[in-house]
Structures are given as structure tokens and as C-alpha cells.
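Protein chains in written order, with the working numbering: chain A, 1 to 517; chain B, 1 to 145.
The beta-carbon is built from N, C-alpha and C at its ideal position, and this holds for glycine as well.
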């Protein structure tokens, strides 16, 4: 017995040494990766986030906002005209009962939302408000409202040009509408755009959709249980992700599917409770938001700073124009592709206009942002690049502290929520990346398996260390998806307009029937 | 006029009892057709992963053909062998709502189901499909013990 114990102990020791050696290896490898990455990708990151000459306004932010404005005008404010119709579609009023058992509008919307609701709503908003002040919220809401038109455009095309295979499965997304749509219009270059988009999508999936999430999840867990090596979180996360995407362990995915919406509701619920408890300050907070939007209220960068932060964080959060949602929405069962476009325009509304605004209001009301009572202006921190906060917090920590002022135990719930949101975002992006991968390399078990294994390895790398340059790069990759996607959308939007005209006429004439009353 | 009966099967022995009862009833009525129905529990408001969504159509077809093969076809064969006119229906949705819809669409006079085969937590929270059907059906419901 003792002998067995000794053998077991020595084996465990050997395992521990091996893993710590592995950890060191990961760290050094990681540093090397950082260095090489920073050098190779620096110019690319610089190009994507380059400011307009003489300003600090990144051109990519303007690219997204201008596109959203153009789509809004081109489709005659579709996000407001068809808002009620979108709600009725989600409710299933227009769903054919004979299609019961197929993917409903609600399910496609919920799946797409689980990919976007996450760190952007919790950490991103705190960054925006921390740097740009409450006024950033105004610009964020505006960007969210405009972004609804971008989502509408890309998701309509996503369904219209998806691939339906003989076995009944579907594949859709920007790469399909780029190649098929350009062919239909007789334009050259669709295939090249599709390949370019797929490459950026894979990079974005491995970066922002994976490493960044794993990294932030580890930061949250270690913030509660104390510091420990990131690769441990990475291995555990990778194992769970592997079990879901490779092992097909549906139960884990099913638990997450149930828990994530619950967490979302809990988060909004907690924010509502805080807002109701502080109802007397809501008017003041909105006053801060409107006033700050145009005056800056003494924040870093003035009102332009507030504007940039608001626009940038809205884009990060709701991914309108990026093209990722078109992949998620394309699985819906409908004979009218445009109906999914209508449904998808609810996504930026829920993600940005509702959830992000709630976070911003809670932060503003909590008093975590330090204000000079004499002038009524915000005080800047020592570095002068953000508003000074109680306890010098930023990002998730700021949101956590803001909720903590009203509900003391909420930071723990928030930590769990962040980890789960990170996990669900990873699962969603693993799928987006996979679709881009199979577009490039063909559908097949081996192709899929190779991508999924690469994806799991990147979970470990992501959690193992702080990967500043890699994260910069992955953010840049996600935004470069938007460069290619929006470029293509400008050519393809007339196809969507055609659909919109035909659908509106048929809806008005009663040809499109309601099944439920 | 042919009397139509809808029999809800659940893939369990309890469903068999409902079928046997309906067969007996059909014999007594004479001019009677039995619609054997199986409802696959499904909600359009559930949460799924993107991958599950992409494969949903395929899975739905598989679910329907499995239900036909294992539950509906044996029941149809049993009834036809006994000389009873019969049809099979497989549908996705909420059991109580779907059975009621099937009976309305086909102008059935009665629904025959077995006593609930589910139990425990779900039953406490949501009630059983059978009791929901009894409360919401627009035609008489016979619950077989």
C-alpha cells in the first residue's frame, strides 16, 4: 500500500515539475510571441487604428459610423419604421406552424446576442465612461441606433446568400454573400474579398473572440481567489471548450445556453434595482450624459474624447458592420431573408442602447467618478488620461465597484457573469472562425478538427499571460473584418433595397400573412 | 360521417394503453378513423449554439423520421392489422397545444391520451402535458389510466 502511495506521490511530483516547466516554457514562448507579434503586426495595427492627420480620431471609427449613417438613410430609417414588425417576427406572429422545430427568429437572435453581449457591455462601457465621461454614453447610444441599419443590411444578405447543403445543414456569412452577390451583380473581385474577410475572421476569432476572452476571464478569477498562473485557467477553459466544440458534449453548451441569458437578465435586473433605488439621481445622470456629450465636462480630450470613446466602444460591443452577426443569423428558417434582417436590428438596440446604457448610468450614479464639487467638473487622474475614480479602478473593476456601492455582494456575481460571458463568446466565435476556415479550406471533418484544436490551443495561450500586442492585433483583425465587409456592403446594398421594396409592398397588400393574432 | 379520434403517444407503455383504449372505442363506434400523434417537445424560445442552429433542419428531419419509425409506424400497423382506418402525425411543439391543434385541424371529436408519464421537478413547476391538455383542449379528452 505504502509502495503504491510512494509511486503515486513521485508521479504527481514529476507531473507538477513537468507542468511548471511547461508553464515557464509557455511564459518564455509567450514573451517571444509578444516580441515577434509586436514587430510583425505593429504596422497593421497602426494602420487600422491610425488617426486622421492632426487629430486623435481613428479613421476606422468614422468608417463604421459613416457606413451606419449611410445605411440608415439609404433604407429610410428602417430601424424605426420596421421596429414593431421586428418584435412581431421575434414573437413568432409570422412563423408558419408547419415550420415548428426549425430555427426560429427568436433563436437566431438569441444565439447572435450571446456572441455579442459580454465584456464589451461590462468592461468596454466602463472604459468609455472612465475616459470619455458620462457624455460618451450619448454617442454610444447614437452609434447603437445607427448600427441597427448596418446589422439589418448584413444579416439580410447573410440569409439570402447562405449555402444550403443536401444534408440539410447551412453555412452563411459575409464570405458567401461577397462571392455570390458580386457574381449576381456581374462585379469582379467578390471571391478575393471573401478570402480576405475569411482570413481576418479567423484572426479575429482567435484573438478578440478567444485569447482576449480567456485573458479577461483569468483576470476575474484571480481577482477573487488570488493570483495563480494563467495557464491553469487556460487549460481548464481549453478542456471545457474542447469538450463542447470537439467532443460535442451538448450538456455543457446547454447549461451555458440556459445560464448566460439568466446572467444577462440578472445583470440588467441588478442595474434596474440600483437605478430604481436611486431614482432621484436618474434625471441628474441623464443631464450629465447630455451635457457631457457636447461640452466634455472637463474629461480628457473634451467632447471629441467623449465622442470617440462612445463610438468606439459601441462598435466593439455590438459588432455592427463587422460581419460576425451575419454568420450567426444565417441559420434561421425563413422564406424571406429580409425578415431576419429586421430581427437582427434589435441586436444593437438590446446590446448597446439598453445594456450598455444601464452600465453607464450605474457607473455615473454610483459616484465612482470623482467630481470637483466646486466646479461640477470631473477630476482627471494623475496621468491625466482618464477621470479619477474611487480606488483608481478602470474597466471591469470600475463596473464592479459601481455595482458594489449599492449591492455589496454583486461583484462576486459579476465575476461569475464575466467568466460565463467570456465562455459563451468563445463558443460563438469558435463557430464564426470555423465557418471562415471551412470557406477557405473546404468542409470536412479533418478541416474542422484542425481548426478546433488550434482554437483550443489559443485559449491556453490567451489565458497564460498578458498579450498586449496580440490583443491589439486581434482587435485590429476584428475591425479589418469591418473594412472588407462594409466595402462589400456598399455594392450589395441595392440587393437589400430590392428585397425591402418587394417585402414592404407584399406586407402592405396583406400577401404576407400573420399566422397568429 | 366518420368519427375521428386523436391518440397522443409518448413512446412509453402508457401511450400503448391509450392506443389500445382508442382501438376498442373505434370498434364500438364503427365508422371511425384514428389519428396517431406524436409530439416532439420543442420551444421556439429556447437557446441554442450557432452550430446547433446550423444543423437544426437536419436534426429536425432526423427526429421526425425516428419518431415515425419507432412510434408512429408500429402503431399504424397495429391498427391497420385490426382493420381500423388510421393516419399518423408527427409534430414539434408544446405537447398540449400541438395535440389540440391537430384535433382542431382534422375536426376530431375526441382526444385520447394516457396519464402523464413525466414526474418530479418539471411536473411540479409546469404541470404535466396531460393536465395542461385537459385544461386547454377544445374537444373532450379521455385520460387513460
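- For residue 411 of chain A, the number of other beta carbons within 10 angstroms of its own is at least 16, and it is reported as buried.
- Annotated three-state conformation of residue 38 of chain B is strand, per DSSP.
- In the three-state scheme derived from DSSP, where H, G and I count as helix and E and B as strand, residue 282 of chain A is classed as helix.
- Taking 9 Å as the cut-off between beta carbons, the residues of the region 70-96 of chain B near chain A are 91, 92, 93, in sequence order.
- Of all alpha-carbon atoms in A/204, A/99, A/144, A/160, the one lying nearest the alpha-carbon of residue 61 of chain B is that of A/99.
- Excluding its 5 nearest sequence neighbours in each direction, residue 11 of chain B has C-beta neighbours in its own chain below 6 Å: 71, listed in chain order.
- If you keep only unbroken alpha helix (DSSP H) runs of at least 4 residues inside the region 297-373 of chain A, you get 302-318, 324-329, 337-344, 357-366.
- In the DSSP secondary-structure assignment, residue 377 of chain A is bridged to A/372.
- Contact residues of the region 330-351 of chain A toward chain B are 331, 333 (C-beta to C-beta distance below 7 Å).
- Residue 270 of chain A and residue 360 of chain A have their alpha carbons spaced roughly 13 Å apart.
- With respect to the C-alpha of residue 489 of chain A, the residue from A/368, A/181, A/134 having the closest C-alpha is A/181.
- Contact annotation: residue 340 of chain A and residue 159 of chain A have beta-carbon atoms nearer than 8 Å.
- For residue 114 of chain B, DSSP records a beta bridge to B/144.
- Along the region 246-273 of chain A, going in chain order, the ones with a CB nearer than 7 Å to a CB of chain B are 253, 257, 258, 261.
- DSSP lists A/171 as the bridge partner or partners of residue 163 of chain A.
- Between residue 309 of chain A and residue 136 of chain A, the C-beta gap is smaller than 8 Å, which places the two residues in contact.
- Using a CB distance below 8 Å, the part of the region 34-54 of chain B facing chain A consists of 40, 42, 44, 45, 46, 47, 48, 49, 50, 51, 52, 53, 54, ordered along the chain.
- Secondary structure note for residue 92 of chain B: its beta strand (DSSP E) is the uninterrupted segment 85-93.
- The C-alpha of residue 97 of chain A lies about 15 Å from the C-alpha of residue 64 of chain B.
- Note: residue 118 of chain A is not bridge-paired with any residue in the DSSP secondary-structure output.
- Beta-bridge partners assigned by DSSP to residue 4 of chain B: B/33.
- Cβ proximity to chain B below 8 Å picks out 92, 95, 97, 100, 101, 102, 103, 104 from the region 86-104 of chain A.
- Here residue 35 of chain A is exposed: its Cβ has fewer than 16 other Cβ atoms, across all protein chains shown, within 10 Å.
- The residues 130, in chain order, have a CB closer than 6 Å to that of residue 394 of chain A in the same chain once the five nearest residues on each side in sequence are set aside.
- Proximity of residue 427 of chain A to chain B, defined by a Cβ-Cβ separation below 8 Å, is satisfied.
- For residue 239 of chain A, not one C-beta of chain B is nearer than 8 Å to its own C-beta.
- Runs of the alpha helix (DSSP H) lying entirely within the region 373-424 of chain A and spanning at least 4 residues, in chain order: 396-406.
- Shown here, residue 440 of chain A sits in a helix according to DSSP, grouped into three states.
- The alpha-carbon separation between residue 326 of chain A and residue 91 of chain A amounts to approximately 21 Å.
- Taking a Cβ-Cβ cut-off of 8 Å, residue 68 of chain B has no neighbours in chain A, whose nearest Cβ is about 14 Å from it.
- Beta bridge pairing from DSSP links residue 9 of chain B with B/38.
- For the pair of segments examined, the region 66-79 of chain A was found to touch the region 131-150 of chain A: the number of CB pairs separated by less than 8 Å reaches three.
- Using a Cβ-Cβ cut-off of 7 Å, residue 108 of chain A is close to 53 of chain B, given in chain order.
- According to DSSP, residue pairing for residue 51 of chain A in a beta bridge involves A/58.
- In the structure shown, residue 516 of chain A falls within a coil segment according to DSSP collapsed to helix, strand and coil.
- Distance from the Cα of residue 119 of chain A is smallest, within the candidate group A/439, A/416, A/438, A/368, for A/416.
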